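Everything on this sheet refers to the single structure shown next.
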Amino acid sequence: MKRIVICADGTGNTTIKGRGTNVFKLYEAVDQVGHRITPGLTPQVALYHDGVGTESVKWLRLLTGATGWGLSRNVKQLYGELARVYAPGDRIFLFGFSRGAFTVRTLAGLINACGILDLSKYATNAAFDAGVDAAYGEYRKQYNSWLTSLFHRTRKLDAARIAELRRQFSVRVPEFEDDAHGRLIEFMGVWDTVDAVGLPVRAAEFVNRVIYNFKFPDRTLSTSVAHACHALALDEERESFAPVLWNESLTPDPGRIEQVWFAGVHSNVGGGYPRQGMSLVALDWIMVKAEAAPHNLRFIGDERQRYRYHADVDDKMYDSRAGLGVFYRWLPRNVHRRCAENGVRPKVHRSVFERIARNTEGYAPGSIPPDPEVISLSQPSTVTEAIRALVRSQHGASGPLIEREAQTERVGRWSYWLFVWGFVVTAFLTLHGFVAAAQTDAVTWRDVVRNIADTVLSSRWIGLALRTLWRHPWLVAWLALTLALALSVDARLDRRYSEFWHRDHMRLKLRKALGLG
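If you read the sequence shown in this note's numbering, its first letter stands for residue 41, the second for the next number, and so on.
Here is the structure:
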């Protein structure tokens, strides 16, 4: 028996950039050689996948990163690699971040439906690859868009269908044949699952429903998984990065699931930023869960301790909408609503309240539910219950803080749309200037296209954009208005949230409850 660890990274991560993510850190920390040194230790094998959007062709990388169309390829690749190393009795561990989290959740669904491919049935690599394609194709038949449903009949996965697929594809696993649940997967740990990033939300939904289904409705934990942990970002504000929670009300035996909210935005929780103290808090939580009995995943001692000692909830919180991120639709996460929609009892990690208590960078979240369960691996229940009582008392009967500022949120969303339309108009008028400039010395339309390309690839487009704004002062006023609205929304939310956590000496009370002095 051995442990097989499969790690799938988020959108656009490579083996170099991915070193900042929790997935790659965990992959490198898995002890794969200890059993060769110390007799009696269980062998461990680890596999790592870069993630959707890491293709070498730039336009293809942008397309797959925006839509997640590379999901099928990634799932099939991981499924094939798993089948090549799997033997009956092995224990499987799955880890993923962002779109990679959705990838391993889909892989778990495929394993649940078809089992693990029996390598002995295939004489060549080509035949084996065809078997992987066939298994995935059968699994996908339960998910169809309007267009693909014209060519393929949708087939739901009931117990009879699963039994049929396992007989067709799976290696025989005697110890699980009498188990109605078939817990082939020992543990799954994921950070901030998202199903697609990059496309506008409505455009992504249109493509998914009408053209090609790349966002599987994966909301229930596969019955093949014994235990699953999900670390979620409390402070992410991009709607395109909306988290995909497991629906605990629809999941058989929901006690198998732990879903906990951590301070920070998407990559503050899953890793990837230069300063990584905050993400190490969420990494440590999942590693603790994976190495505990009965899972007993083994890590390299020095690597494990380094991550634990450098975990720091008071490290830098990044702005996920800085730079080009400003083009993502603004929508702060309403944790209370998302948990209610998925039958989840809200759980917030203790470190969130440590950051609030210390007032680090003026941290004052508005998304904490009014009655959260406080999760701590080191403090007694009397401490966590005291924190919970303080938060519940501070909220009173008024509901979540974020919902009290619904009108301010609407103004913020309007400021976003005003900015987008201002940018679109500016881009259109600038493009018109491109064409006019390109036609000056052009003889044919080929010359026009070449001149436009030369302009775009040089720095001349900046001058043309500034000239557009100079000629149309109303555009400057428009963009200035959107900036003023956005700043006023940020200022109001910061003020209201800060007042909430300062009222009645709340931060001081939290410090005392947490023993921070």
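No residue lacks a Cβ here, since even glycine has one placed at the ideal position from N, Cα and C.
Just so you know, these numbers come straight off a predicted model, no measurement behind them.
Query	Result
Going by the beta-carbon positions, is the gap between Val305 and Glu276 smaller than 7 Å?	yes
Under 6 Å from any heavy atom of the ligand SAM, does the C-beta of Arg131 make it?	This structure simply doesn't include the ligand SAM, nor any ligand for that matter.
Does Met228 come out as helix, strand or coil in the three-state DSSP assignment?	strand
Are at least three pairs of beta-carbons, each pair with one atom in the region 111 to 122 and one in the region 157 to 175, less than 8 Å apart?	yes
Does DSSP put Ser210 in a helix, in a strand, or in coil?	strand
Rounding to the nearest angstrom, what Cα-Cα distance links Pro405 and Val392 in this structure?	9 Å
Would you call Tyr456 buried or exposed, if buried means 16 or more other Cβ atoms sit within 10 Å of its Cβ?	buried
Grab me the residues of His435's own chain with a C-beta within less than 6 Å of its C-beta, minus the 5 sequence neighbours each way, in chain order.	Pro410
Please report how far the alpha carbon of Leu111 lies from the alpha carbon of Ala332, in whole angstroms.	31 Å
Let me confirm a value: Trp514 is counted as buried when at least 16 other C-beta atoms fall within 10 Å, else exposed. Which label applies?	exposed
In the DSSP assignment, find the unbroken alpha helix (DSSP H) run with Glu425 in it and report its ends.	421 to 435
Only counting runs of 4 or more residues, tell me where the alpha helix (DSSP H) segments fall wholly within the region 278 to 316, in order along the chain.	306 to 310
Does DSSP put Ala404 in a helix, in a strand, or in coil?	coil
Run through the DSSP bridge pairs and tell me what Val45 is partnered with.	Ala86, Phe133
Counting only the same chain and skipping the five closest in sequence on each side, list residues whose C-beta sits under 6 Å from that of Tyr126.	Ile156
Identify the continuous alpha helix (DSSP H) that holds Lys552 and give its terminal residues.	546 to 554
According to DSSP, Cys154 sits in a beta bridge with which residue or residues?	Looking at the DSSP assignment, Cys154 forms no beta bridge with any residue, so it has no partner.
Assuming Thr233 and Ala141 form a contact by the criterion Cβ under 8 Å, report the distance between their Cβ atoms to the nearest whole angstrom.	4 Å
Is Val30 helix, strand or coil by DSSP?	The requested residue 30 is not part of the displayed model; the chain covers only 41 to 557.
Would you call Phe468 buried or exposed, if buried means 16 or more other Cβ atoms sit within 10 Å of its Cβ?	exposed
Alpha carbons only, please: which of Thr143, Val211, Val230 is nearest the one belonging to Val63?	Val230
Assuming the contact rule is C-beta atoms closer than 8 Å, Ala302 and His389 should be a hit. Round their C-beta distance to whole Å, please.	Per the sequence shown, residue 302 should be read as Phe rather than Ala. Indeed, because the Cβ distance is near 5 Å, the residues count as touching under 8 Å.
Give me whichever residues DSSP pairs with Leu272 in a beta bridge.	Trp301
Let me confirm a value: His545 is counted as buried when at least 16 other C-beta atoms fall within 10 Å, else exposed. Which label applies?	exposed
Would you kindly report the start and end of the unbroken alpha helix (DSSP H) that includes His267?	Taken as a continuous stretch (DSSP letters only), His267 belongs to no alpha helix (DSSP H), as it is neither H nor E.
If you run the structure through DSSP and keep just helix, strand and coil, what is His335?	coil
I want to know whether the region 313 to 322 touches the region 347 to 358 - three or more CB-CB distances under 8 Å.	yes
What's the gap between the Cα of Val464 and the Cα of Asn374?	29 Å
Which residues in the same chain have their Cβ closer than 6 Å to the Cβ of His270, if we skip the five residues on either side of it in sequence?	Val230, Gln299
When the Cα atoms are used, what is the spatial distance from Leu337 to Ala330?	6 Å
Taking the continuous beta strand (DSSP E) assigned at Lys387, which residues delimit it?	387 to 389
Below 7 Å between beta carbons: does that hold for Arg139 and Gly50?	yes
How would you write the range of the alpha helix (DSSP H) that Gly177 sits in, first residue to last?	165 to 180
Taking the alpha helix (DSSP H) that Lys356 belongs to, which residues open and close that run?	Careful: Lys356 lies outside any alpha helix (DSSP H) and carries neither H nor E.
The alpha helix (DSSP H) spanning Arg124 covers which residue range?	111 to 125
In this structure, how does DSSP classify Thr78 when only helix, strand and coil are distinguished?	coil
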